[in-house]
Amino acid sequence: MIDYATAKVNPNYPPAARSMRTTGTVKIEVLVNEDGSIAEVQKKTGPTLLQQAAIDALKRWKFKPFVRDGQPVKATGFVSFNFNL
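So, in structure tokens, the structure goes:
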């Protein structure tokens, strides 16, 4: 999935998570439209305090179209964000 990304936005570290020294990896399953935009966030794992920041960043990503038999198609994949202090 990462190899198809044409525009990436890094997440902002949530102030509450920073003050609580919360770190970890947020893994997001995402559905990408035929045009490369984000259609839907389907599943997420990782520290709850960090999940929304990761989702907000991912929604601003753009992807090259995924192609099957010469036609753009929707695609599902995973993107992970590492939060470290």
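The numbering of the sequence shown is numbering that gives the first Met the number 0, which starts it at 0 and goes up by one. Glycine included, each C-beta is placed from N, C-alpha and C at the ideal position.
Where the alpha helix (DSSP H) through L84 begins and ends: For the purposes of this step, residue 84 is identified with residue 85 of the sequence shown, where counting begins at 1. Segment: none, L84 is in no alpha helix (DSSP H) and carries neither H nor E.
Would you report the Cα separation of T22 and A53, rounded to the nearest angstrom? Your numbering for residue 22 matches position 23 in the sequence shown. Your numbering for residue 53 matches position 54 in the sequence shown. Approximately 12 Å, taken between the alpha carbons.
Where does P71 fall in DSSP's three states? The residue labelled residue 71 in the question sits at position 72 within the sequence shown. In the structure shown, P71 sits in a strand (DSSP, three-state: E or B).
Can you give me the C-alpha to C-alpha distance between S76 and G69, rounded to a whole angstrom? The residue you call residue 76 lines up with position 77 of the sequence shown. The residue you call residue 69 lines up with position 70 of the sequence shown. Per the sequence presented here, residue 76 reads as Gly, with Ser not at that position. About 20 Å.
Between the region 40–59 and the region 7–18, do at least 3 Cβ pairs fall closer than 8 Å? yes
Take G45 and list the residues in its own chain whose beta-carbon comes closer than 7 Å to its own, dropping the five residues that flank it on each side. Numbered from its first residue, the sequence shown carries residue 45 at position 46. Once the five neighbours on either side are set aside, the close Cβ partners of G45 are G23, T24, V25, K26.
Does the distance from the CB of E33 to the CB of K63 come in under 9 Å? For the purposes of this step, residue 33 is taken as residue 34 along the sequence shown, with counting starting at 1. For the purposes of this step, residue 63 is taken as residue 64 along the sequence shown, with counting starting at 1. It is not a contact, given that the beta carbons lie outside the stated cut-off.
Residues near Q50 in its chain [Cβ-Cβ closer than 6 Å; skip 5 each side]: Counting from 1 along the sequence shown, the entry for residue 50 is found at position 51. Result list for Q50: V25, K43, in chain order.
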